[in-house]
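Comments concern the structure below.
In the numbering used here, the protein residues as written are 3 to 334.
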């Protein structure tokens with residue numbers, strides 16, 4: 003049994019981790035979340051109050067962070083501004099949360115000698131050519147493309163520096179694109195699913211040739227627990243489930259699974275700096291720590307995700323209209 007602090011635990015990937023950890027371990031979990039538009043307290047409803055508590059606050063609040071670190075054994079750092087489109091519209095919050103917030107946590111970890119695991123993204127590596135057989139590894143040079151990915155790259159480098167310079171007991175994981183329950187409707191898969199549920203045609207950036215390496219949030223959560231338990235301090239682990247699909251394939255599969263014609267979608271203006279392809283090589287995580295993904299059938303995982311959104315309209319509906327109005331204002 004351990005006492006974990008999970009930053010950003012009301013967000014998509016963080017809330018999935020909280021549910022997974024409570025279901026599969028005896029850990030006690032405290033969530034620290036600012037509850038921006040992407041954080042949703044409803045994602046944490048019904049959890050056992052004897053093992054879970056929620057703290058509303060900001061990771062840049064050094065006094066609050068210090069207080070929470072004093073009462074936990076380890077910290078899993080999910081909190082981040084994470085949407086590329088939003089980073090192009092207003093980069094400043096990404097600097098505050100992803101850079102200053104991570105620095106604040108690292109300083110607290112240094113003072114308290116607390117184990118910290120930092121959640122990052124494959125987007126720090128930039129992109130790959132569509133016909134390139136290579137995949138990202140732990141030694142791939144950083145080449146971020148957006149304010150979002152560049153601030154995540156910066157936060158990774160801070161973690162590495164605090165490990166080397168100050169002996170902070172930290173690990174890093176860079177994960178591919180997640181899908182599953184509790185994901186905000188601004189994101190690619192839930193946006194298209196909820197569009198179909200609302201009778202709106204899905205939207206596809208450009209020609210839809212951009213490739214993403216999809217992993218179910220449950221598999222990501224299991225991998226993080228594995229790294230927290232077995233990972234070597236100072237090491238980086240890439241998390242992926244060999245789920246490469248281009249966006250056109252994903253939209254068409256969503257439509258087919260929802261009983262609609264596969265071509266019932268609209269093309270919209272591509273976003274600036276849209277990365278071509280991400281692909282993760284998770285050999286190190288699998289061979290050294292013994293992790294394997296449970297959701298190896300993307301179609302089955304996507305079908306389950308669609309059913310979750312179908313059954314939980316009360317969770318996603320409050321954000322849907324504002325999200326679509328924002329995209330409409332950008333012609334997307």
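In this text, a Cβ means the ideal position worked out from N, Cα and C, and glycines have one as well.
Looking at the secondary structure, which residues open and close the beta strand (DSSP E) in which residue i lies?
| i | result |
| --- | --- |
| residue 54 | 54-58 |
| residue 181 | 179-181 |
| residue 248 | 246-248 |
| residue 7 | 5-9 |
Is the distance from the Cβ of residue i to the Cβ of residue j below 8 Å?
| i | j | result |
| --- | --- | --- |
| residue 118 | residue 91 | no |
| residue 303 | residue 218 | yes |
| residue 88 | residue 153 | no |
| residue 140 | residue 286 | yes |
| residue 124 | residue 176 | yes |
| residue 257 | residue 267 | yes |
| residue 49 | residue 23 | no |
| residue 120 | residue 158 | yes |
| residue 220 | residue 297 | yes |
| residue 126 | residue 144 | yes |
Quick one: using the 10 Å Cβ neighbour count with 16 as the cut-off for buried, is residue i buried or exposed?
| i | result |
| --- | --- |
| residue 58 | exposed |
| residue 42 | buried |
| residue 137 | buried |
| residue 51 | exposed |
| residue 205 | buried |
| residue 21 | buried |
| residue 151 | buried |
| residue 294 | exposed |
| residue 322 | buried |
| residue 45 | buried |
| residue 73 | exposed |
Consult DSSP for residue i and reduce its assignment to one of helix, strand or coil.
| i | result |
| --- | --- |
| residue 172 | strand |
| residue 15 | helix |
| residue 29 | coil |
| residue 76 | strand |
| residue 239 | strand |
| residue 291 | helix |
| residue 304 | helix |
| residue 24 | helix |
| residue 101 | helix |
| residue 124 | helix |
| residue 269 | strand |
| residue 130 | coil |
| residue 91 | helix |
May I have the straight-line CA-CA distance separating residue i from residue j, to the nearest angstrom?
| i | j | result |
| --- | --- | --- |
| residue 194 | residue 207 | 12 Å |
| residue 318 | residue 183 | 10 Å |
| residue 202 | residue 326 | 10 Å |
| residue 40 | residue 186 | 6 Å |
| residue 1 | residue 279 | Nothing about residue 1 can be read from this structure; the chain reaches only from 3 to 334. |
| residue 300 | residue 216 | 8 Å |
| residue 173 | residue 263 | 45 Å |
| residue 231 | residue 75 | 12 Å |
| residue 35 | residue 290 | 32 Å |
| residue 227 | residue 316 | 30 Å |
I need the boundaries of the alpha helix (DSSP H) containing residue i, first residue and last residue.
| i | result |
| --- | --- |
| residue 222 | 219-232 |
| residue 112 | 104-114 |
| residue 195 | 190-199 |
| residue 207 | Element bounds for residue 207: not the alpha helix (DSSP H) but the beta strand (DSSP E), 205-207. |
| residue 67 | 64-71 |
| residue 323 | 315-331 |
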